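Read in order, the letters of the sequence shown are residues 25 to 367 in the numbering used here. By construction, the Cβ of each residue, glycine as well, lies at the ideal position given by its N, Cα and C atoms. The model shown is predicted, which means the values in this text are computed figures rather than measured ones. Here the structure comes first, spelled out in structure tokens, and everything after it is commentary.
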Amino acid sequence: MPHHDFWNRLARTCIALTLLALGVGLELFAIARWLENDILRGAFWHLLALAPLTVALKMGFPKHMRRSGGIGLWLLLLCISALMPLIGPLGLAFFVLPALHRARPRRPRHWRLVPRPEYPQQALSVPDAQSHALRSGLASVLSHAGDTAHRQRALIQAQHLPRRQVVTLMRQGLADGADDVRLLGYSMLNALENDLERQIRGLKKRLETDEDAQGRIAEAIARLYGEYGYLELAQGSALGVLLDEGLEYLHQAQQRHDTAARWKLRARLYLLHRRYDDAHQSLDKAAQRGLAEKDLADLRAELALHQRRLPDLRHQLKLLAYSNRQSLALRQLMEYWQCNSPN
Numbered sequence: 025m026p027h028h029d030f031w032n033r034l035a036r037t038c039i040a041l042t043l044l045a046l047g048v049g050l051e052l053f054a055i056a057r058w059l060e061n062d063i064l065r066g067a068f069w070h071l072l073a074l075a076p077l078t079v080a081l082k083m084g085f086p087k088h089m090r091r092s093g094g095i096g097l098w099l100l101l102l103c104i105s106a107l108m109p110l111i112g113p114l115g116l117a118f119f120v121l122p123a124l125h126r127a128r129p130r131r132p133r134h135w136r137l138v139p140r141p142e143y144p145q146q147a148l149s150v151p152d153a154q155s156h157a158l159r160s161g162l163a164s165v166l167s168h169a170g171d172t173a174h175r176q177r178a179l180i181q182a183q184h185l186p187r188r189q190v191v192t193l194m195r196q197g198l199a200d201g202a203d204d205v206r207l208l209g210y211s212m213l214n215a216l217e218n219d220l221e222r223q224i225r226g227l228k229k230r231l232e233t234d235e236d237a238q239g240r241i242a243e244a245i246a247r248l249y250g251e252y253g254y255l256e257l258a259q260g261s262a263l264g265v266l267l268d269e270g271l272e273y274l275h276q277a278q279q280r281h282d283t284a285a286r287w288k289l290r291a292r293l294y295l296l297h298r299r300y301d302d303a304h305q306s307l308d309k310a311a312q313r314g315l316a317e318k319d320l321a322d323l324r325a326e327l328a329l330h331q332r333r334l335p336d337l338r339h340q341l342k343l344l345a346y347s348n349r350q351s352l353a354l355r356q357l358m359e360y361w362q363c364n365s366p367n
């Protein structure tokens with residue numbers, strides 16, 4: 025079929041060129057008569073040339089235009105040949121028709137319609153705010169995103185995380201090369217410190233006017249002082265002073281009402297103070313007062329980690345449920361242990 029089409033196109037082209045040459049020859053005769061002031065004979069040869077010229081030009085159009093042109097295309101070519109002798113047909117033949125052949129016709133579309141898939145009826149699950157994936161994703165944006173605005177948005181998005189987790193991302197923002205990101209990280213960290221100070225001042229004012237018979241206000245103050253170490257907002261001797269003050273308020277609370285939970289809080293403060301033996305004794309006293317081992321597993325695991333007691337650490341990790349109470353270091357260790365331990 026392609027070979028047959030080629031010969032058809034060649035024959036059509038030869039016929040069109042022959043008719044065009046015939047029409048041009050007749051037009052030249054007509055022009056010669058007009059130059060001799062023989063108007064009637066010139067008009068005769070001109071009208072005689074219209075037929076081969078119109079047919080030749082029609083045959084020269086692309087196939088899809090010949091089919092869709094109809095009688096209107098015939099009339100157009102006839103008028104051009106009649107009103108612009110020789111110039112009109114030659115202009116069409118050598119300038120317009122080659123451009124039309126180079127123009128590509130619209131091709132049929134090569135896609136097909138498919139039915140819309142069934143969407144799930146339940147909403148997509150949002151990543152858990154406690155998950156390592158979400159924290160790592162924000163940390164990755166802060167580390168590798170080239171756009172400063174993206175890193176700023178990652179810091180702002182981190183505010184939805186628990187504050188024990190967001191502090192690490194804030195500190196990562198403080199090390200950023202862009203001033204805008206550093207200032208945002210500093211302002212967020214400063215706002216967190218100011219919030220802790222505001223809460224402590226408010227509780228101390230309440231303690232001055234409230235009897236606090238059960239020691240709840242003093243316990244809350246001690247817990248807030250512990251946040252400075254737990255969030256790593258203070259270090260070194262400054263942290264030691266804050267933890268000592270927290271232990272004093274906790275001692276007041278225990279004098280008014282001694283509970284297992286307060287011994288556990290004491291163990292946490294000792295652990296932050298790096299007084300590991302005192303922390304171990306406080307955990308034992310919390311257990312003696314009825315606190316279950318699974319409730320102490322987070323602190324016992326952290327204590328075992330600091331003291332490099334790996335067999336005890338493995339035992340505590342088996343007891344430890346995934347909870348918000350873990351420090352960041354212990355949380356990462358817990359996630360690693362859960363991913364690599366056999367079922």
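Residue i in three-state terms, based on DSSP
i, result
"residue 31", "helix"
"residue 348", "Legend: pLDDT at residue 348 = 44, less than 50; position of this residue unreliable, value from coordinates given subsequently. Residue 348: coil per DSSP, three-state reduction."
"residue 335", "helix"
"residue 135", "coil"
"residue 283", "coil"
"residue 68", "helix"
"residue 257", "coil"
"residue 36", "helix"
"residue 367", "Confidence at residue 367 is low in this model, with a pLDDT of 45, below 50, so its placement is unreliable and the value that follows should be read with caution. Three-state result, residue 367: coil."
"residue 194", "helix"
"residue 214", "helix"
"residue 302", "helix"
"residue 84", "helix"
"residue 60", "coil"
"residue 314", "coil"
"residue 42", "helix"
"residue 230", "helix"
"residue 223", "helix"
"residue 113", "helix"
"residue 200", "coil"
"residue 186", "coil"
"residue 89", "helix"
"residue 209", "helix"
"residue 239", "coil"
"residue 170", "coil"
"residue 140", "coil"
"residue 330", "helix"
"residue 275", "helix"
Reference residue i; option with closest CA among the options
i, options, result
"residue 238", "210, 274 and 260", "274"
"residue 176", "200, 183 and 205", "205"
"residue 303", "286, 197, 122 and 79", "286"
"residue 104", "115, 94 and 95", "115"
"residue 170", "200, 234, 235 and 194", "200"
"residue 231", "249, 241 and 308", "241"
"residue 56", "99, 109, 41 and 312", "109"
"residue 316", "284, 293 and 101", "284"
"residue 186", "92, 216 and 281", "216"
"residue 38", "74, 61 and 83", "83"
"residue 225", "246, 100 and 63", "246"
"residue 102", "77, 126 and 123", "77"
"residue 228", "324, 248 and 87", "248"
"residue 256", "271, 297 and 291", "297"
"residue 320", "174, 265, 214 and 307", "307"
"residue 271", "223, 293 and 124", "293"
"residue 338", "47, 86 and 325", "325"
"residue 74", "94, 95, 99 and 61", "99"
"residue 267", "282, 276 and 290", "290"
"residue 81", "42, 264 and 134", "42"
Status (buried if at least 16 other CB within 10 Å, exposed otherwise) for residue i
i, result
"residue 119", "exposed"
"residue 50", "buried"
"residue 212", "buried"
"residue 189", "buried"
"residue 203", "exposed"
"residue 261", "exposed"
"residue 235", "exposed"
"residue 132", "exposed"
"residue 279", "exposed"
"residue 221", "exposed"
"residue 251", "buried"
"residue 113", "buried"
"residue 40", "buried"
"residue 288", "buried"
"residue 153", "For residue 153, the pLDDT reaches just 49, beneath the cut-off of 50, and the residue's location in the model is therefore unreliable, although a value from the coordinates is still provided. The residue is exposed, with fewer than 16 neighbouring Cβ atoms inside 10 Å."
"residue 322", "buried"
"residue 340", "buried"
"residue 253", "buried"
Flag this pair as touching only if the stretch 32 to 45 and the stretch 54 to 72 have three or more C-beta atom pairs under 8 Å; answer yes or no. no
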